[in-house]
Amino acid sequence: MSEWQRVPFAELLVDSRDGEWGEGAPAIGLQACDLIRGTDFGSLTNRDVSLPLRWIPDRLIERKQLQADDIVFEMAGGTAKQSTGRSAFVGRSFLKGRERPVLCASFCRHLRLNRERFEPRFIYYLLQTLYAAGYMGVFNIQHTGVSRFQYTSFKKHTELRIPFLSEQRKIAAVAAAYDELIENNRRRIALLERMAEQLYREWFVRFRFPGYQQAKFEKGIPSGWAVGKLSDVADVNARSLKRGREPEAVRYVDIGAVTTNAMQIPEPVRFRDAPGRARRCVKHGDMLWSSVRPANRAYCLVFEPPGNLIASTGFAVISHHADVPFSFIKFATTMDSFVEQMTAVAKGAAYPATSFDDFENAALLIPPSDLLGEFHQQVLPMLSLSHELCAQNEVLVRTRDLLLPRLISGKLRVDDLDIRFPPSMQAG
Numbered sequence: 007m008s009e010w011q012r013v014p015f016a017e018l019l020v021d022s023r024d025g026e027w028g029e030g031a032p033a034i035g036l037q038a039c040d041l042i043r044g045t046d047f048g049s050l051t052n053r054d055v056s057l058p059l060r061w062i063p064d065r066l067i068e069r070k071q072l073q074a075d076d077i078v079f080e081m082a083g084g085t086a087k088q089s090t091g092r093s094a095f096v097g098r099s100f101l102k103g104r105e106r107p108v109l110c111a112s113f114c115r116h117l118r119l120n121r122e123r124f125e126p127r128f129i130y131y132l133l134q135t136l137y138a139a140g141y142m143g144v145f146n147i148q149h150t151g152v153s154r155f156q157y158t159s160f161k162k163h164t165e166l167r168i169p170f171l172s173e174q175r176k177i178a179a180v181a182a183a184y185d186e187l188i189e190n191n192r193r194r195i196a197l198l199e200r201m202a203e204q205l206y207r208e209w210f211v212r213f214r215f216p217g218y219q220q221a222k223f224e225k226g227i228p229s230g231w232a233v234g235k236l237s238d239v240a241d242v243n244a245r246s247l248k249r250g251r252e253p254e255a256v257r258y259v260d261i262g263a264v265t266t267n268a269m270q271i272p273e274p275v276r277f278r279d280a281p282g283r284a285r286r287c288v289k290h291g292d293m294l295w296s297s298v299r300p301a302n303r304a305y306c307l308v309f310e311p312p313g314n315l316i317a318s319t320g321f322a323v324i325s326h327h328a329d330v331p332f333s334f335i336k337f338a339t340t341m342d343s344f345v346e347q348m349t350a351v352a353k354g355a356a357y358p359a360t361s362f363d364d365f366e367n368a369a370l371l372i373p374p375s376d377l378l379g380e381f382h383q384q385v386l387p388m389l390s391l392s393h394e395l396c397a398q399n400e401v402l403v404r405t406r407d408l409l410l411p412r413l414i415s416g417k418l419r420v421d422d423l424d425i426r427f428p429p430s431m432q433a434g
């Protein structure tokens, strides 16, 4: 059984530099670069992620350009619920697909490790574990509304318990294998979403639906189609909890739990402990659409939800009519044209919000029911598989998050195990 040693944080590093922001336009002596901000941390497994384009002085790029296996460390920009001190791993595959040099943004810094003694992925997972345990919050301070991380103090006072390199690599391999499974599922989910959306566009935007060659058009619209509004095919906020008939426990979905085409399923809470906004009843096939800041595209399809799922009154819960498949409503209410309608009618400067009447009155082009049924048959398997992959990822994330503290602490030993390294940790 290998021995774990206590190592001052400073001994891990061969280099660490703060980030840059540069200029917003080209000029002599500047080079175009992609910059990683804290808000981009969750996307660094996606080679195609869009990063801010900035122009950085040539003299700084050589010293500050990120390399494979660097760790990006967040130095500022936390919130009341999220302290600074988060980290992100820069993999080979991520950098390989970038056309421009990649640097940290000004509120971050990079950590470059002594790879003869330390496995970068192990240190990354160790930092993640410390963050989840609240350790980084000790070094979080608030100045003029902006949270900042006291890196110098962290570096001086932090001592880490670390095994020999061979065991570091095995621990990192276990955690990385989970992350790669999760990321592969995310890519498949994104592909399924794009396939279904492209079919919607092909049939209902470009009018290349089955039999379109024989279709007659009147004023640019296929015969048999109708120009209507959302209320013709769906109800908005049709079901709410009645006073005195509330269940004992609910799963409450707040505005912050929904992002574009994704929802974080909440844990059950007693109804009496839920906010007063917990009133909207939600069922399979509904669309949840945040009425606040519609340009942020906080919407998702509710697919086979757990019981007693209740949404905030800040959502428009869009429920399809019986003769209209929910797949059509999903894509009709997430096209750019629909989002632009909701954004245009939003009222309020600080918190622009769209009224529920505006949702009901949103203009839609409504195809005939037989074509809607055929569309649903085509895309339902895609939506079902996407839901299954999301469910798999929830299990993988929970399992990884349970394993990681035990692996990092040495309570779950791997030194005697024959572990196969995932592709991201193999040479090449």
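In case it helps, the numbering used here puts the sequence shown at residues 7 to 434.
Glycine included, C-beta positions come from ideal geometry on N, C-alpha and C.
Given the structure is predicted, the values throughout are model-derived calculations rather than measurements.
- Between the segment 395 to 414 and the segment 181 to 189, the count of Cβ pairs shorter than 8 Å is three or higher; the stretches touch.
- For A183, the secondary structure class from DSSP, reduced to helix, strand or coil, is helix.
- Under DSSP, P14 shares a beta bridge with E165.
- DSSP, read as helix, strand or coil, puts I195 in helix.
- Your pair V13 and E173 does not check out as a contact, with CB atoms roughly 14 Å apart and the cut at 8 Å.
- Exposed is the label assigned to I271, since fewer than 16 other Cβ atoms lie within 10 Å of its Cβ.
- In this structure, DSSP gives G44 a helical state, which the three-state scheme calls helix.
- The beta carbon of R283 is closer than 8 Å to those of D260, S318, T319 and G320 in its chain, skipping five residues each way along the sequence.
- Shown here for A232: same chain residues with a beta carbon closer than 7 Å to its own, the five before and five after excluded, namely I372 in chain order.
- Where P358 is concerned, there is no enclosing beta strand (DSSP E), because DSSP gives it neither an H nor an E.
- No residue range can be given for A280, since it is assigned to no alpha helix (DSSP H) and is classified by DSSP as neither H nor E.
- Here V323 is buried: its Cβ has 16 or more other Cβ atoms, across all protein chains shown, within 10 Å.
- Approximately 6 Å separates the beta-carbon atoms of M431 and A182; this is inside 8 Å, confirming the contact.
- In summary, S390 is exposed, with fewer than 16 beta-carbon neighbours lying within 10 Å of its beta-carbon over all protein chains present.
- For the set D24, P428 and L36, the Cα lying nearest the Cα of M81 is the one of D24.
- In the DSSP assignment, M293 forms a beta bridge with L307 and I324.
- Its chain contains S99, F100 and G103 as the residues whose beta carbon lies nearer than 7 Å to that of R53, once the 5 sequence neighbours on both sides are disregarded; these appear in chain order.
- When the Cα atoms are used, K353 and F95 turn out to be separated by approximately 40 Å.
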